Structures are given as structure tokens and as C-alpha cells.
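J.: In this text, residue positions in the sequence shown follow this note's numbering: the first is 1, and each later residue adds one. Ideal Cβ placement from N, Cα and C applies to all residues, glycine included. All figures in this text were calculated on a predicted structure; none of them were measured in a lab.
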Amino acid sequence: MISRWQWLLNRISHVLWLRASLFALVGVVTALLGVAADTFLPPDLPELVGSDSVGTVLNVLASSMLAVTTFSLGATVAAYSSVTNNVTPRATKLLMQDNSTQTVLSTFIGSFLFSLVGIVTLTIEGYGQRGRLVLFVVTVAVIVIVVMALLHWIDHLGSLGRVQETTTRVEDVATAAIKRRAAQPNLGGRPLPPELEGELAGLAVPATQTGYVQLVDTATVETAIADQGTTAVIRVLPGAYVVAGDTLATLRGNSGDVEKDEALVEDVRKAFTVGKERTFEQDPRFGVLVLAEVASRALSAAINDSGTAIDVISRLQRVLVQWVDERAEHAEIEIECPHVYVRSLREVDLLEDA
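1. Determine whether the beta carbon atoms of Tyr212 and Val290 lie at a separation below 8 angstroms.
2. For the stretch 22-30 against the stretch 72-91, are there 3 or more C-beta pairs whose distance is under 8 angstroms?
3. DSSP has Arg235 in a bridge; who is on the other side?
4. Could you give the distance in angstroms between the alpha-carbon of Thr231 and the alpha-carbon of Pro284?
5. Just the Cα atoms here: how many angstroms apart are Glu171 and Val134?
6. On the three-state DSSP scale, how would you describe Ala249?
7. Between Arg235, Val144, Leu264, which lies nearest to Leu187 when the distance is taken from Cα to Cα?
8. Quick check on this structure: which residue in Gly287, Glu222, Leu9 has the alpha carbon closest to the alpha carbon of Ala271?
9. Where does Thr70 fall in DSSP's three states?
10. For Thr88 versus Glu293, is the C-beta distance shorter than 8 angstroms?
11. Taking only the alpha-carbon atoms, compute the straight-line gap between Ser13 and Asp98 and give it to the nearest angstrom.
12. Determine, using beta-carbon pairs with one atom in the stretch 337-351 and one in the stretch 188-203, whether at least three such pairs fall under 8 angstroms.
13. Leaving out the 5 sequence neighbours to the left and right, which residues in its chain are closer than 8 angstroms to Pro46 when beta-carbon positions are compared?
14. As a quick exercise: from Glu326, Thr166, Ala219, pick the residue whose alpha carbon is nearest that of Thr92.
15. Could you pull the start and end residues of the alpha helix (DSSP H) that Gln184 belongs to?
16. Taking 8 angstroms as the threshold (C-beta atoms), are Val173 and Gly287 in contact?
17. Considering Cα atoms alone, identify which of Ala204, Leu58, Ala78, Val319 is closest to Leu264.
18. Of the choices Phe108, Val104, Phe136, Ala182, whose alpha-carbon is the least far from that of Leu157?
19. Do you know how far the Cα of His152 is from the Cα of Gly118?
20. Could you tell me which whole beta strand (DSSP E) segments of length 3 or greater appear in the stretch 301-346?
Here you go:
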């Protein structure tokens, strides 16, 4: 079961600017340490670093990183375009979240920002002799990191945006989602009995925006209703399309106090994340659907690649077999949220998507 905070942290961790900002932060910290170096380094250090040597190295690093970053961004955008045209636009987001690509790009951008901070500090003569030594040592460390990232990037470019590599990514995320859902087919809640299907009397929790349900945090629902003598029936699963006003959940056994009920509805609504696009984490059907879309596109007249279609069929089989294996392994459902009822994912839905 994925909590809302885990889901948000996963989203933030795939943002490019965050990693690049860490390098800029290293530059600021280095500048501060360099300025204060006279207070913690011995005064009898030999003059190892010339007055202009660090500045020259930083200038070379800044200019080269700007060029490398521009080229790398161009190659990345070309890979995104290739995936959009030859695989499926739905797989592009996986490429945009690629750890290797983001790490390399953030290293290049971050080292450029680090160089700028160092050049500015040198220009205002903020460093003494010992401060320049600190800056030089950190600069050498950054250069080593950049060289390692550059070598890794050269190797990674060979597979970036390729059909085979992209379909492998889709298969991996689909398999991970299938395993998570098979282990908890009711997202940690109780299975929804037949008598709770359809319209129910109770307090409705309406959606406030239109879009796809990206996350249902049943633990948040359980926390909100556990002490209220209330049970919650989740009406939508991750991947469902809802319109503002549609019922997300029905609360049964509410107090009848208007203010308390309104507060309870707000607390339960926080467990649902609605966005413009479907996501893979809690939606195994989306992963299966994207794989099927790759096969359909491969058989189109524009591409006519039957080999890719055959390859995707075998991948779909592996993904669906995971559901059977995991369900057999987790025959006894672990109920973490006893006051929450959630409809199980049906095998027929997975087969229809495939």
C-alpha cells in the first residue's frame, strides 16, 4: 500500500531541478567554507594554489558544462520524440523519470551552477589563500564526478529512446504495479461484498476536480474514520476517470452532526489524488494498457513492425503471470484498514486491457 507521502516523495525525487540544486548548494557551501577557511586552516600552509589557477579551471568547467548540457538536453529531447512517435506517448513519462538520465543532466547543470558560484566569489575577492585551496579541492572532486557522469552518459546514449529499452521500462513498472496490487488486491482494506455494490445510503465524498484517480490512500481513510464508528466504501479505483461531483467514497454510520460530517468528508477526500493523467504506481491496468498500445502501434501501417508486436505479447504474458503467482503466494489477504471496503481488481479487466 502506497501512502500519499510516499507517492509525493517519489514524484519529487524524479524532478530534475532538485538534483541540480544540490550541486548549486555545494557551490554555496564551498564558498562559505572558503571565506571562513582562515579560521579553521593552519596559517602556515604552503601556497599550493595560485591566485588565478582556480579561476581558470572554473571558467573552463563552466564553458564546457554549458556546451555539454546543451548537447545532452538536445539528445534527450530527441529520445523523447522518438519514443512518442515509435512507441507510445504514454511511455514518454517513464523516459522522463529515468534515473540515469536525470542524474547525468543534473550533474552537468549542477556543475555549471557550481562553477558560476565559485567564479562570482573569486571575482569579489572573497577568498584568501586558504580559501582558494578549499575551492580547488572541491573543484577537483566535482571534475571527477563530471568525468564519471560523462562516461556513463556516453554508454547510456546507446539505449536511450530505443523501442526495446522503452518497452522493458513499461514492462518493469507494470510488473511492479501488478505485484503490489496482487499482494493487496483491496489496497489494504476489506473486500467489497456484493450487498455493498451499487447505490448506497450514506454520506457521499464528492470529487472536487475532474481527472483520473492517481492514488487512493486507504490508510488516511482509516485514520479519519476509525474512531468515528464509521465505515467507508471506496467507489473508485486508481485509474478511474471522475468528474467534479462524482462520488469517491460513501461513509456509512455517520454521526448526523453537520459540522463533524463536513470535516470527516474533507479528511477522507484528502486520501484521493486526482490528476490530468493516469499513473503507473497504483494502476496496474494502465501498465498493461500501455504495453497493448505499443503492440497496436507496431502493427500500424506507418510502422509495420510485427517483431515488436510479438515481443510485447510475450511481455504481456509475463506481466499477467505475475498476477497469478502473486495471488497464489498471498492467498490470505492482509487487512490493514478494517473500516474500509474496496472493490478487488478483476482478472477480466486485465485481460480486456491486454
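T.: For this structure:
1. The residue you call residue 212 lines up with position 212 of the sequence shown. The residue you call residue 290 lines up with position 290 of the sequence shown. Using a Cβ distance threshold of 8 angstroms, Tyr212 and Val290 do not count as a contacting pair.
2. In short, these stretches do not touch, since the Cβ pair count stays below three.
3. By one-based count along the sequence shown, residue 235 stands at place 235. According to DSSP, which records beta bridges pairwise, Arg235 is partnered with nothing at all.
4. Here the question's residue 231 lines up with position 231 in the sequence shown. Here the question's residue 284 lines up with position 284 in the sequence shown. In a straight line, the C-alpha of Thr231 is about 26 angstroms away from that of Pro284.
5. Here residue 171 is taken as the residue at index 171 of the sequence shown, counted from 1. Here residue 134 is taken as the residue at index 134 of the sequence shown, counted from 1. Computed Cα separation, rounded: 47 angstroms.
6. Position 249 of the sequence shown, counting from 1, holds the residue named residue 249. In this structure, Ala249 counts as strand in the three-state DSSP scheme.
7. As a first step, residue 187 must be located in the sequence shown, where it is residue number 187. Nearest option by C-alpha distance: Arg235.
8. The count along the sequence shown starts at 1 and reaches residue 271 at position 271. Minimum Cα distance to Ala271 is reached at Glu222.
9. Translated into positions along the sequence shown, residue 70 becomes position 70. Residue state for Thr70 is assigned as helix, using DSSP reduced to three classes.
10. Along the sequence shown, one-based indexing puts residue 88 at 88. Along the sequence shown, one-based indexing puts residue 293 at 293. Between Thr88 and Glu293, the gap from beta carbon to beta carbon is short of 8 angstroms.
11. Here residue 13 corresponds to residue number 13 of the sequence shown, with the count starting at 1. Here residue 98 corresponds to residue number 98 of the sequence shown, with the count starting at 1. Answer to the nearest angstrom: the Cα atoms are 11 angstroms apart.
12. Output reads yes: the stretch 188-203 touches the stretch 337-351.
13. As a first step, residue 46 must be located in the sequence shown, where it is residue number 46. Its pLDDT being 48, under 50, Pro46 is placed unreliably in this model, and the coordinates cannot settle the point.
14. What you label residue 92 is simply residue 92 of the sequence shown in a count that begins at 1. Here the closest residue by C-alpha is Thr166.
15. Counting from one through the sequence shown, the residue named residue 184 turns up at place 184. Per DSSP, Gln184 belongs to no alpha helix (DSSP H) and is neither H nor E.
16. By 1-based counting over the sequence shown, the position of residue 287 is 287. By 1-based counting over the sequence shown, the position of residue 173 is 173. Contact flag set, yes.
17. Your numbering for residue 264 matches position 264 in the sequence shown. Looking at the Cα atoms, Ala204 is the closest of the given residues.
18. The residue given as residue 157 occupies position 157 in the sequence shown. Selected option, being the one with the closest Cα: Val104.
19. Start at 1 with the first residue of the sequence shown, and residue 118 comes out as number 118. Start at 1 with the first residue of the sequence shown, and residue 152 comes out as number 152. Spanning the alpha carbons of Gly118 and His152 requires a straight line of approximately 26 angstroms.
20. At a cut-off of 3 residues, the continuous stretches assigned as beta strand (DSSP E) that sit fully inside the stretch 301-346 are 340-342.
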